[in-house]
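Engineer:
Residue numbers (the numbering used here), protein chains in the order written: chain A, 1 to 418; chain B, 1001 to 1331.
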């Protein structure tokens, strides 16, 4: 009898173990860049726990994020064949085209219909995504960017400054800031993103959203005077000393440091800058936000576009689970949880009713973006043009190249790009 | 008929024309003959054994060196947007593209300048410090260790450290210059097109000079002391002893250090990648950084492969020229 009991117990244990092993699945996920920050980690570990709870036998494993499509890390991770099953990374058509052309990510168009994703993002956003690669979609937007001017409320209040409505007044403001010994505006063009943030704002401010949109759709050449005006504007700001040539040697961290230490009065960034501010110990209640002024009616709006997206690598070991994860991330519960969390740093891809932004500056950004956002070329230009685009910005800031010549170089690359 | 004889352990070899005989003696003769045959065929036998012993290493060499070289050549004749896409043959299209790409020529020129900077700065600093440190009696070990320490830090970390040192607003370099009253000399170390390659190379050389210094110290210890005594008897001063005794005595080490510095210079990548990413406006772009940009950021593997071949040819050409120079020097 004892022998029979022992055998039965052993058999039951073996069956239980084999059944568990059959259902055990691990989803390798490349998460947000700031996951090492305790606040962000707390939010994401909570989401992971909720997903694991609703999917018994599934374990989510965060892979240490080590880079982006811009620096080649995503491509390398996919090519290694030991990479993640699902990736959250900085995106936009330019970056996505790099991994799409290399056939490294799965088309997700069918999933948009099958899983109802198309109804879970803004209709205009879905239309935009459908128009990018002949109707095929390779990304699921997780967050949108809205890039504008960040300023120190206290410095501005003390000096009686305010962000004006027109460009000519803005030039005067920059001059008066410079006279106090402060840097009017900081930029770190050694980092691609930072280079593009200010430049995109200047392009839109000088030419308007419609013209930049046409240039991105190749309906106008980039060296057309109507588009080149923003580059000439940057050239003039450098020549006037309002943007120091030395800034060509700064990266995002260096430029942010200049702003956080109040050695620079303004900085162009998006909602994600709240995470950088928190990390630097900056008092976020002192941060003000405004769109770049423009003399063109309606052009004073943040630039932006899809900032972060979910991608599924072609060699994902768990593609079905990856889709489930994206379903989960788009669900009301998760989106609301993220939007209300103090670690929230972005505009979500659909309207979330009844949610109060966790920081005052985010409230300002959301308000500025209610009328829509313009184009940040860094996320819309083809991947093969981006490098020239960023190098031209460096050339303009270091005084090596003029605005017209810079735009000619960008146009030449646009002509080559497929 | 000659019968083999034995004398103790000594074996007397049979005559060449001796026929085989049956029996014990004949058997011994046959065994000895076999042994002789085996010995005479030993080169072939050794070659076979050597081949099998070397086979694993050869296999690894083929897989990890020859195959990638062949793949690089193959890629250079193809247009490929990524590893997963099917490549299309474009003949010498990528080579023509490289020839017409101004960034290729710019990065090639920068690579030569980078190489020269590294040999002079890292090698030169290594020599100067070796000369200085070797004169110390008590504190030599401390300074040798201290100067060698940067070599233990990874180049990527060195890049981050020096990028902060060069920060135009908060960096140590400009702050120190301002504090000592040399504010007029503050620079945009990483933004000035004329300075950036020098600035980044200084960081790279700072990491490398410690190794060269140790090699020079070893060379100095091998110089015959009696040469210095003889020079002193002849009334030579310190500078004359340096020119006529020390430097000629370091000739072998110097050629080794120069060759090592050139190899390290050609491999220059990490500090540029971390500190400037080739900018501003391509002013610090090297062949290596451009290869990375093309292969991993733009996914243009064909053009990147052409540049890999160009870099290899460059390394081969430099090696040939350098070896000829070294041979002439030692004559």
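The beta carbon of each residue, even a glycine, is placed where N, CA and C say it ideally should be.
In angstroms with no decimal places, state the Cα-to-Cα distance between residue 315 of chain A and residue 86 of chain A.
Structural biologist: The count along the first chain starts at 1 and reaches residue 315 of chain A at position 315. The count along the first chain starts at 1 and reaches residue 86 of chain A at position 86. Their backbone Cα atoms lie some 10 Å apart in a straight line.
Engineer: Who are the neighbours of residue 246 of chain A on chain B, taking C-beta pairs under 7 Å?
Structural biologist: Position 246 of the first chain holds residue 246 of chain A. For the C-beta of residue 246 of chain A, the chain B residues within less than 7 Å are, from N- to C-terminus, 1168, 1188, 1191.
Engineer: Could you check whether the Cβ of residue 21 of chain A sits closer than 7 Å to any Cβ belonging to chain B?
Structural biologist: Working through the first chain from its first residue, we reach residue 21 of chain A at position 21. The pLDDT assigned to residue 21 of chain A is 48, lower than 50, so where the model puts this residue is not dependable; a value taken from the coordinates is nonetheless given after this. Chain B, which has no Cβ nearer than 7 Å to the Cβ of residue 21 of chain A, makes this no.
Engineer: By the criterion of Cβ-Cβ separation under 7 Å, what are the contact partners of residue 1279 of chain B in chain A?
Structural biologist: What you label residue 1279 of chain B is simply residue 279 of the second chain in a count that begins at 1. Going along chain A in sequence order, the residues near residue 1279 of chain B (Cβ under 7 Å) are 190, 391, 394.
Engineer: Tell me whether residue 267 of chain A sits in a helix, a strand or coil according to DSSP, three-state version.
Structural biologist: For the purposes of this step, residue 267 of chain A is taken as residue 267 along the first chain, with counting starting at 1. Strand, per DSSP.
Engineer: Cβ of residue 285 of chain A within 7 Å of Cβ of residue 360 of chain A?
Structural biologist: Here the question's residue 285 of chain A lines up with position 285 in the first chain. Here the question's residue 360 of chain A lines up with position 360 in the first chain. For residue 285 of chain A and residue 360 of chain A, yes; Cβs fall inside 7 Å.
Engineer: Check distances from the C-beta atoms of the stretch 1055–1076 of chain B to those of chain A and list, in chain order, the residues that come in under 8 Å.
Structural biologist: none
Engineer: Please state the DSSP three-state secondary structure of residue 1041 of chain B.
Structural biologist: Taking the first residue of the second chain as position 1, residue 1041 of chain B is located at position 41. Because the pLDDT at residue 1041 of chain B is just 49, under 50, the model does not fix this residue reliably, and the value given afterwards should be weighed accordingly. Looking at residue 1041 of chain B - three-state DSSP - the assignment turns out to be coil, as it is neither helix nor strand.
Engineer: Whole angstroms is fine: what's the gap from residue 1080 of chain B's alpha carbon to residue 1096 of chain B's?
Structural biologist: Position 80 of the second chain, counted from the first residue, corresponds to residue 1080 of chain B. Position 96 of the second chain, counted from the first residue, corresponds to residue 1096 of chain B. Residue 1080 of chain B and residue 1096 of chain B: Cα-Cα distance of roughly 16 Å.
Engineer: So does the stretch 343–357 of chain A actually touch the stretch 109–118 of chain A, counting three or more Cβ pairs closer than 8 Å?
Structural biologist: no
Engineer: Counting only beta-carbon atoms, is residue 279 of chain A nearer than 7 Å to chain B?
Structural biologist: As a working note, residue 279 of chain A is residue 279 in the first chain. Not closer than 7 Å to any Cβ of chain B, the Cβ of residue 279 of chain A fails to qualify, so no.
Engineer: Report yes if the CB atom of residue 207 of chain A is closer than 7 Å to the CB atom of residue 227 of chain A, and no otherwise.
Structural biologist: Residue mapping note: residue 207 of chain A aligns to position 207 of the first chain, counting from 1. Residue mapping note: residue 227 of chain A aligns to position 227 of the first chain, counting from 1. Yes, they are a contact pair.
Engineer: Determine, for residue 1142 of chain B, whether the minimum Cβ-Cβ distance to residues of chain A falls below 7 Å.
Structural biologist: One-based indexing of the second chain puts residue 1142 of chain B at position 142. It does not: the Cβ of residue 1142 of chain B has no partner Cβ on chain A nearer than 7 Å.
Engineer: At 7 Å on the CB atoms, spell out the chain A contacts of residue 1282 of chain B, in chain order.
Structural biologist: Locating residue 1282 of chain B in the second chain gives position 282, where the first residue counts as 1. The answer, in chain order, is 391.
Engineer: Return the Cβ separation of residue 201 of chain A and residue 292 of chain A in integer angstroms, given the expectation that the two are a contact with Cβ distance under 8 Å.
Structural biologist: As a working mapping, residue 201 of chain A is identified with position 201 in the first chain. As a working mapping, residue 292 of chain A is identified with position 292 in the first chain. Cβ-Cβ separation between residue 201 of chain A and residue 292 of chain A: approximately 4 Å, consistent with a contact (criterion under 8 Å).
Engineer: Residue 1259 of chain B to residue 1270 of chain B, Cα distance in whole Å?
Structural biologist: Taking the second chain and counting its residues from 1, one reaches residue 1259 of chain B at position 259. Taking the second chain and counting its residues from 1, one reaches residue 1270 of chain B at position 270. The straight-line gap from Cα to Cα measures roughly 20 Å.
Engineer: For the stretch 304–316 of chain A, enumerate the residues whose C-beta is nearer than 9 Å to any C-beta of chain B, in chain order.
Structural biologist: Per Cβ criterion, the list reads 314, 315.
Engineer: Nearest by alpha-carbon distance to residue 29 of chain A: which of A:45, A:37, A:39, A:38 is it?
Structural biologist: As a position in the first chain, residue 29 of chain A is number 29, starting the count at 1. That would be A:45, whose Cα lies nearest to the Cα of residue 29 of chain A.
Engineer: Work out the CA separation of residue 1279 of chain B and residue 411 of chain A for me, nearest whole Å.
Structural biologist: As a working note, residue 411 of chain A is residue 411 in the first chain. As a working note, residue 1279 of chain B is residue 279 in the second chain. Roughly 20 Å between the two C-alpha positions.
Engineer: Counting only C-beta atoms, is residue 1185 of chain B closer than 7 Å to chain A at any point?
Structural biologist: To locate residue 1185 of chain B, count along the second chain from 1; it is residue 185. Taking Cβ atoms only, chain A never reaches closer than 7 Å to residue 1185 of chain B, which makes this a no.
Engineer: Residue 376 of chain A touches chain B at which residues, Cβ-Cβ below 7 Å?
Structural biologist: Position 376 of the first chain, counting from 1, holds the residue named residue 376 of chain A. None at all; the shortest Cβ gap to chain B is about 19 Å.
Engineer: Consult DSSP for residue 1244 of chain B and reduce its assignment to one of helix, strand or coil.
Structural biologist: Taking the first residue of the second chain as position 1, residue 1244 of chain B is located at position 244. If DSSP states are grouped into helix, strand and coil, residue 1244 of chain B belongs with the helices.
Engineer: At least one CB of chain C closer than 7 Å to the CB of residue 186 of chain A: is that the case?
Structural biologist: No chain C is part of this structure, whose protein chains are labelled A and B.
Engineer: Any beta carbon from chain A within less than 7 Å of residue 1240 of chain B's own beta carbon?
Structural biologist: Residue numbering aside, residue 1240 of chain B sits at position 240 when the second chain is read from its first letter. No, no contact with chain A.
Engineer: Closest Cβ-Cβ distance between residue 384 of chain A and chain B: below 7 Å?
Structural biologist: Walking along the first chain from the start, residue 384 of chain A turns up at place 384. Yes, contact with chain B.
Engineer: Go ahead and label residue 194 of chain A buried or exposed: buried means 16 or more other beta carbons lie within 10 angstroms of its beta carbon, across all protein chains shown.
Structural biologist: Residue mapping note: residue 194 of chain A aligns to position 194 of the first chain, counting from 1. Buried.
Engineer: If you compare alpha carbons, which of A:371, A:217, A:407, A:79 is closest to residue 94 of chain A?
Structural biologist: Position 94 of the first chain, counted from the start, is the residue given in the question as residue 94 of chain A. The candidate whose alpha carbon is nearest that of residue 94 of chain A is A:217.
Engineer: Which residue wins for smallest C-alpha separation from residue 151 of chain A, given the options A:282, A:320, A:372, A:404?
Structural biologist: The sequence position of residue 151 of chain A within the first chain is 151, counting from 1. The shortest C-alpha separation from residue 151 of chain A is found at A:282.
Engineer: Which of the three DSSP states, helix, strand or coil, is assigned to residue 1138 of chain B?
Structural biologist: Sequence index remark: in the second chain, residue 1138 of chain B carries index 138 (1-based). Of the three classes helix, strand and coil, the one that applies to residue 1138 of chain B here is coil, per DSSP.
Engineer: With DSSP as the reference, label residue 152 of chain A as helix, strand or coil.
Structural biologist: Within the first chain, numbered from 1, the residue matching residue 152 of chain A stands at position 152. Strand.
Engineer: Suppose you measure from the CA of residue 1163 of chain B to the CA of residue 1049 of chain B; what does that come to, to the nearest Å?
Structural biologist: Numbered from 1 along the second chain, position 163 holds the residue referred to as residue 1163 of chain B. Numbered from 1 along the second chain, position 49 holds the residue referred to as residue 1049 of chain B. Approximately 55 Å, taken between the alpha carbons.
Engineer: Taking 7 Å as the CB-CB cut-off, is residue 98 of chain A touching chain B?
Structural biologist: Here residue 98 of chain A refers to the residue found at position 98 of the first chain. Interface residue, yes.
Engineer: With DSSP run on the structure shown, which of helix, strand or coil describes residue 201 of chain A?
Structural biologist: Translated into the one-based positions of the first chain, residue 201 of chain A becomes position 201. In the structure shown, the three-state DSSP call for residue 201 of chain A is helix.
Engineer: Taking C-beta pairs closer than 7 Å, name the residues in chain B that residue 75 of chain A reaches, listed in chain order.
Structural biologist: Position 75 of the first chain holds residue 75 of chain A. Neighbours of residue 75 of chain A on chain B, chain order: 1296, 1299.
Engineer: Rounded to the nearest angstrom, what separates residue 1022 of chain B and residue 1057 of chain B at their Cα positions?
Structural biologist: Position 22 of the second chain, counted from the start, is the residue given in the question as residue 1022 of chain B. Position 57 of the second chain, counted from the start, is the residue given in the question as residue 1057 of chain B. The predicted position of residue 1022 of chain B is uncertain, since its pLDDT is 40 and thus under 50; a value taken from the coordinates is nonetheless stated next. Their Cα atoms are separated by approximately 48 Å.
Engineer: When you compare only the Cα positions, how much space is there between residue 243 of chain A and residue 186 of chain A?
Structural biologist: Taking the first residue of the first chain as position 1, residue 243 of chain A is located at position 243. Taking the first residue of the first chain as position 1, residue 186 of chain A is located at position 186. Looking at the two C-alpha atoms, the distance is approximately 7 Å.
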